[in-house]
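With our numbering, you'll find the sequence shown wraps up at 610, consecutive numbering, no jumps.
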Amino acid sequence: MNPRTKKPRMVVTGAGGMVGSYVNGIFKNHDLVLTDRIEGFDYLDVRDPSAVMNFMETNQPDVVLHLAAATDVDGCEVEPDLAFHANAIGTQNVALACQAHGGILVYVSTAGVFGGGNPDPYTEFDTPEPANVYGRSKLAGEVTVERLLQRYYIVRAGWMIGGGHRDKKFVGKIGQLMTTGTSPLRVVSDKEGSPTYAKDLLACINRLLDTGYFGLYHMANQGRCSRYDVALETRDLLGLSEVKIEPVSSASFPLPAPRARSEAMRNLKLELLGLNIMRPWREALRDYVIKELAPVLDIKD
Ligand SMILES: NC(=O)c1ccc[n+]([C@@H]2O[C@H](COP(=O)([O-])OP(=O)(O)OC[C@H]3O[C@@H](n4cnc5c(N)ncnc54)[C@H](OP(=O)(O)O)[C@@H]3O)[C@@H](O)[C@H]2O)c1
310 MNPRTKKPRM VVTGAGGMVG SYVNGIFKNH DLVLTDRIEG FDYLDVRDPS AVMNFMETNQ
370 PDVVLHLAAA TDVDGCEVEP DLAFHANAIG TQNVALACQA HGGILVYVST AGVFGGGNPD
430 PYTEFDTPEP ANVYGRSKLA GEVTVERLLQ RYYIVRAGWM IGGGHRDKKF VGKIGQLMTT
490 GTSPLRVVSD KEGSPTYAKD LLACINRLLD TGYFGLYHMA NQGRCSRYDV ALETRDLLGL
550 SEVKIEPVSS ASFPLPAPRA RSEAMRNLKL ELLGLNIMRP WREALRDYVI KELAPVLDIK
610 D
């Protein structure tokens with residue numbers, strides 16, 4: 310607790326990324342210390358064990374929101390050592406620092422820990438079986454957190470939506486392509502997941518933090534869809550009906566990292582605890598595209 314503001318102190322790693330862009334807006338009830346490796350943030354590379362330990366000793370956080378990660382799925386496949394360094398060792402460093410200094414750890418993990426064979430959306434009670442290096446490295450982070458700590462939340466998110474000008478993911482890319490007049494756009498329709506608006510994710514984490522119900526949670530917007538479905542919806546929300554979108558098989562886009570057929574998730578534990586405030590994915594996408602993406606793409610109503 311910061312004695313001056315009387316707010317719990319939260320250290321955020323990787324705060325310069327897509328999810329981090331919503332931290333200031335959502336965690337107003339915390340005294341925030343934002344870290345990353347870029348200008349404008351307190352410098353902290355989570356791969357450096359003594360730097361992480363010293364930082365937590367100096368700042369004495371009540372909560373650590375650990376977002377820092379190597380998130381380029383294909384990059385992780387090509388350079389697995391870099392993936393395990395940032396995602397497994399980095400998470401171990403943060404968990405050890407929480408163990409030493411007492412902060413609650415919130416580790417944001419991924420639906421990419423699942424292998425894709427389930428006909429139904431994955432719940433917290435299904436067994437992870439990652440299809441690629443990124444998923445294995447994030448799962449290694451989960452295992453370390455579970456072994457080292459008692460006061461933690463592991464929160465698995467789905468296909469992330471958000472970021473506005475920092476959006477380097479699917480919705481941001483496809484929106485850019487649509488505004489440059491690329492048509493037809495060919496979009497994969499044989500893989501499915503659960504979109505997750507980063508703003509909703511952080512609001513749900515903030516609520517969960519109040520409960521003290523530590524453990525593993527799925528936290529995606531409700532429902533399942535393909536990238537093709539997301540592209541169609543984004544096009545309609547942007548009012549770009551002239552852009553044609555064709556469904557194609559993932560075999561048309563060979564990539565270094567294999568993808569699971571389905572990463573769709575259900576927030577079963579949040580549902581059972583009456584804490585599932587994650588709305589349906591179409592509502593979340595609408596909010597994001599209209600309020601944040603359209604202005605960045607310079608599209609007026
Ligand atoms: N994006 C998704 O679709 C998705 C889905 C599910 C879960 N997640 C998880 O959600 C969390 C936040 O993801 P995001 O979408 O906000 O990713 P992001 O935009 O890539 O942000 C991650 C941030 O961490 C930084 N970072 C990377 N390595 C670091 C290190 N060694 N030390 C300190 N900072 C480091 C990155 O810097 P650089 O850009 O310079 O590397 C970036 O600013 C991650 O843990 C990710 O695994 C993401």
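Every residue, glycine too, gets a C-beta built ideally from N, C-alpha and C.
Return the CA-CA distance between residue i and residue j, expressed in angstroms with no decimal places.
i: Arg544; j: Val464; result: 30 Å
i: Ala560; j: Ile514; result: 36 Å
i: Val480; j: Val539; result: 8 Å
i: Asp509; j: Met587; result: 6 Å
i: Glu542; j: Lys447; result: 30 Å
i: Gly524; j: Arg460; result: 8 Å
i: Ile608; j: Asn311; result: 42 Å
i: Glu348; j: Gly548; result: 36 Å
i: Thr436; j: Arg313; result: 45 Å
Any heavy atom of ligand 1 within a distance shorter than 7 Å of the CB on residue i?
i: Ala593; result: no
i: Gly426; result: no
i: Thr322; result: yes
i: Gly334; result: no
i: Asp509; result: no
i: Asp354; result: yes
i: Arg575; result: no
i: Thr543; result: no
i: Thr419; result: yes
i: Ala540; result: no
i: Thr453; result: no
i: Lys337; result: no
i: Asp429; result: no
Per DSSP, residue i forms a beta bridge with which residues?
i: Cys253; result: A query on residue 253 cannot be resolved here, the shown segment of the chain reaching from 310 to 610 and no further.
i: Pro556; result: Val496
i: Trp590; result: Paired residue(s): none; Trp590 is not in a bridge.
i: Leu518; result: Partner(s): none; Leu518 has no beta bridge.
i: Leu525; result: Ile463
i: Ser550; result: According to DSSP, Ser550 bridges with nothing at all.
i: Val320; result: Val342 and Val373
- Where are the alpha helix (DSSP H) runs, 4 residues long or more, that stay fully inside the region 332 to 386, in chain order? The region 332 to 386 contains these whole alpha helix (DSSP H) runs: 332 to 335 and 358 to 368.
- Message: Does the structure place the region 438 to 454 close enough to the region 471 to 490 that three or more beta carbon pairs sit under 8 Å?
- Response: In short, these stretches do not touch, since the Cβ pair count stays below three.
- Item | Secondary structure, beta strand (DSSP E): runs of 3+ residues fully inside the region 475 to 515 | For the region 475 to 515, the full-length beta strand (DSSP E) segments reaching 3 residues or more read 494 to 497 and 504 to 506 along the chain.
- Message: Would the region 395 to 410 count as touching the region 497 to 508 if we require 3 or more Cβ pairs under 8 Å?
- Response: Short answer: they don't touch.
- Message: If we require 4 or more residues per run, which alpha helix (DSSP H) segments fall completely within the region 383 to 445?
- Response: Runs of the alpha helix (DSSP H) inside the region 383 to 445: 389 to 393 and 399 to 410.
- Message: Between the region 377 to 385 and the region 424 to 439, can you find at least three pairs of beta-carbon atoms closer than 8 Å?
- Response: No contact exists between the region 424 to 439 and the region 377 to 385.
- Message: Is it the case that the region 412 to 429 contacts the region 567 to 585, given that we only count it when at least three CB pairs across the two stretches are under 8 Å?
- Response: In this structure the region 567 to 585 touches the region 412 to 429; the number of beta carbon pairs closer than 8 Å is three or more.
- Query: Three or more C-beta pairs closer than 8 Å, one from the region 596 to 607 and one from the region 517 to 532: is that the case here?
  - Reply: These segments do not touch.
- Message: Between the region 345 to 363 and the region 313 to 327, can you find at least three pairs of beta-carbon atoms closer than 8 Å?
- Response: Touching, per the Cβ criterion.
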